[in-house]
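Single-structure report; data block below.
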Ligand SMILES: Nc1ncnc2c1ncn2[C@@H]1O[C@H](COP(=O)(O)OP(=O)(O)O)[C@@H](O)[C@H]1O
Ligand SMILES: [Mg+2]
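Residue numbers (this note's numbering), protein chains in the order written: chain C, 1 to 334; chain H, 335 to 782; chain P, 783 to 1049.
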């Protein structure tokens, strides 16, 4: 077993592009669920909105790349508005149904033959992120090492921009959540009728929250497609949303840094487990394949088993996150 | 009471052991059939009379990987070694005379094979004489009747799945996302019993004569799968949700738990069952009977009749039996039911068993065409649409909602692409919430 | 008739049904300004439902409600709060994961920092926030909650939560305060201080309506008592009048008939 390789991979995963993308999406979800209590089960839909917003406008409509990015945010904002209008007056569990339904609608539509001329159907869209990489000060195809971390030049550039965005957005969220605006959101999370009785237009605040968090989700989507240089409908499936939930709950909903902490823990763990299993000594590996069917395919599936099991256990035993205090948990069980 | 609960635990343990054993063991039996990935498709066109014609003998290939020839059902599959993008080419020279690609430019498609499923590609074909007046054939009485029938069929199956979801919501307030996996569980159980028999799945038992070693008759398999559905429902409640309720986990946290559970189960299924599509031993492809121009296979007809009988029985059971009335009482007003001496936890347990069994039964029917590891997840939103439309928590509402959703989905193909028909359900769901948040038959919640 | 004599709140012909049940059926209700009015009635009489209708949390089937001379039927709760009508809930709604002082500050109306864009620029709202905080601290002092100032509200005792909810309601500087069972589940000592606090409100130019079922309490602080049963107002008058009203006793005391009313918990 090549422990050097496994550790290199795991370290690189700790702050890698996936962490940035998922942390950004989780920051958005944190605004929704962690601060406002909105059960958004369609965060991946906002990522898709961002991704297609830029992919389609640049690749098919021939827009300027940067205009495309702005369009992606606006598009996600409008989507949030349209989703919120009918549903934000409803009960929490209804919102969850509608958001998951909406995100699936987006995926089905994007992959459909009808939309193929625009979205590229199942094959999606690619080669549109050129202008982004043109600005890279790093050689795209060269490997760069920093201590235990090692990435391709193009990823270093993505990481530099991604982390800057992530930190800036996180600080912005921290700022607004400390303001009276954020206080109102948290009040709505605790009890929206109480907030209403105190003169707060709950519907309006929820809408702002949905749009704000949705647009942050779009940033994640944009970054993801830039990093992958392609947009494909099926990468935006509900399991991604649930992974984001897992990440948020690992870090603890309603805490400013939890998305970053959660995403980092999650990806390090997944990459470590997968690479370790792939690198098992052949004899052991063969035994495991025979006894518990540990094929390459199934190693890839383990990730989802971990997500599912993790979400189940976290929601049951540590809904306040792995660093949250027992006291907070007690407060949850009024 | 203590004896009672010891029994309960014992049954739960056995149920889980049998369940997992079956899955694990059978996976072993599958080990030879390598879990490879592939690009699949069905070549077909619609002739002038509106009948589907499958095209055999067409060659398709992926450079450096391999090729295939379509079989008599127009089906082809080319295995690929790893997930990724593949360019697949249809050899137009091998198409029958008169049949051409709808878009001659697209004899070459790119298929993105992901980690967990075969990727389907579609080469739309036409014949010179298939250019009939589309609008006429679209809106013919025959077509509409056919679609309505398909819709009712889907609606009936959905209803069976939906009632459990609705009852669980009614009695516990929980929106159970893992209901999808109860459906899949039914499909997979029916498949295993059907192919491997009662104990044949435990490897070394497979030498025993049927029904122990080999597969059992599909009808028996269905029955067994339904029972296993009840067992799984019982176990999930007993091991996961009852303790969660007891320690005061909030409903929203429980809902997140069901999502975790859903993904956990779904990927355990794919882990042990594999991502390939399979079919039951019997009834997989049947020739349809025609009646007044409406086609229905006898298998579907039988399944529909069974569904109707079961749904009627459920309706009667909920209204006339003690257990059923207790379920309704708990759904109506839990506190009142509790104070009038009903053992609420017991009722909830029964609801899980009953809901799990119904979901599994619907799963066996949904699996007629293909048995897939995520069959339930694919239709979960339809079930939710049905339940929400009818009003969360009312079982009769679930039935009405399911029929509406089933028919609406099929009718929608009159005007939109078939591929998008499930979207209709999602739109119905959103509209339903918009116009009548409490559902057609539901009632409003209280404030203050 | 001067403004001061006009009722602050009226309800005419207000009906609300749930399925077949007529939960509220009130022909006429008029609440006098700067007085304390008690709304009593047995459990299920429709008091909470009536409160919900008056405060916009639920919609009437028919009827008209006015506040300060303006028709408010169908107006959203948050607008009513902005107009000076605030309510508390029977099941206390302390915002558990906000600190006590945050709970209080939330109550202030027209906060600049409650706008999203302003939230990004604290300089635009910190001054106002300080003023709000000072006001909140003063009220906390009055309610004897200063000790809990920076604790999560979720850690408070049930009685303290009731106090907090009322204190928070006062942060909106209301003209009409509607309290749904403010004393329920509060220990006697705390209940007494709550009473004292309520008694102060009319002097500050606030009208109070509160739901209660303990006759003693009503006796002590209410200027006017309205009795509801089965959705209707069956009697009203001064506490003394109502206490001796035969209809009231007959209508909902049932089994307790003949006992000293002050000993009976009408819940
Ligand atoms: N949302 C609702 N749906 C159905 N019935 C309700 C609802 N809200 C209240 N009720 C019924 O209306 C009646 C009045 O209830 P409520 O106003 O809570 O009484 P009170 O506050 O006087 O105890 C009760 O019979 C109650 O069951
Ligand atoms: Mg009440």
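C-beta: ideal position from N, C-alpha, C; glycine also.
Keep in mind that this is a model prediction, so the values were computed, not measured.
Any beta carbon from chain P within less than 8 Å of residue i's own beta carbon?
i              : result
residue 201(C) : yes
residue 334(C) : Legend: pLDDT at residue 334(C) = 39, less than 50; position of this residue unreliable, value from coordinates given subsequently. True, the Cβ-Cβ gap to chain P drops below 8 Å.
residue 255(C) : no
residue 184(C) : yes
residue 51(C)  : no
residue 325(C) : no
residue 187(C) : yes
residue 319(C) : no
Just checking residue i against ligand 1 - is the residue's beta carbon closer than 7 Å to any of the ligand's heavy atoms?
i              : result
residue 874(P) : no
residue 823(P) : yes
residue 966(P) : no
residue 845(P) : no
residue 800(P) : yes
residue 736(H) : no
residue 826(P) : yes
residue 805(P) : yes
Any Cβ of chain H within less than 8 Å of the Cβ of residue i?
i              : result
residue 307(C) : yes
residue 104(C) : yes
residue 134(C) : no
residue 40(C)  : no
residue 87(C)  : yes
residue 5(C)   : no
residue 310(C) : yes
Under 7 Å: does the beta carbon of residue i sit that close to some heavy atom of ligand 2?
i              : result
residue 829(P) : yes
residue 193(C) : no
residue 669(H) : no
residue 666(H) : no
Closest Cβ-Cβ distance between residue i and chain C: below 8 Å?
i              : result
residue 763(H) : yes
residue 912(P) : no
residue 792(P) : no
residue 469(H) : Because the pLDDT of residue 469(H) is 44, which lies under 50, any placement of that residue in the model is unreliable, and the question is left without a value.
residue 918(P) : no
residue 702(H) : no
Indicate whether residue i and residue j have their beta-carbon atoms separated by less than 8 Å.
i              : j               : result
residue 977(P) : residue 1015(P) : no
residue 722(H) : residue 767(H)  : yes
residue 633(H) : residue 700(H)  : no
residue 307(C) : residue 597(H)  : yes
residue 640(H) : residue 521(H)  : no
residue 911(P) : residue 180(C)  : yes
The beta strand (DSSP E) that contains residue i, what's its start and end?
i              : result
residue 356(C) : With chain C covering only 1 through 334, there is no way to say anything about residue 356(C).
residue 631(H) : Note, residue 631(H): premise wrong, no beta strand (DSSP E); not H, not E.
residue 989(P) : 989–993
residue 794(P) : 791–800
residue 63(C)  : Run containing residue 63(C): none; DSSP gives neither H nor E here.
residue 661(H) : First-last for residue 661(H): 656–666, but that is the alpha helix (DSSP H), not the beta strand (DSSP E).
residue 806(P) : 803–813
Compare the C-alpha of residue i against each of the options and name the closest.
i               : options                           : result
residue 158(C)  : 148(C), 172(C) and 141(C)         : 141(C)
residue 253(C)  : 40(C), 18(C) and 21(C)            : 40(C)
residue 576(H)  : 684(H), 732(H), 769(H) and 701(H) : 684(H)
residue 228(C)  : 129(C), 29(C) and 260(C)          : 129(C)
residue 940(P)  : 878(P), 818(P) and 830(P)         : 878(P)
residue 59(C)   : 198(C), 138(C), 88(C) and 120(C)  : 120(C)
residue 1006(P) : 864(P), 904(P) and 1024(P)        : 1024(P)
If you follow the alpha helix (DSSP H) that residue i is part of, which residue opens it and which one closes it?
i              : result
residue 172(C) : 153–178
residue 757(H) : 755–769
residue 93(C)  : 92–111
residue 883(P) : 882–888
residue 386(H) : Run containing residue 386(H): none in the alpha helix (DSSP H); it sits in the beta strand (DSSP E), 386–388.
residue 746(H) : 729–746
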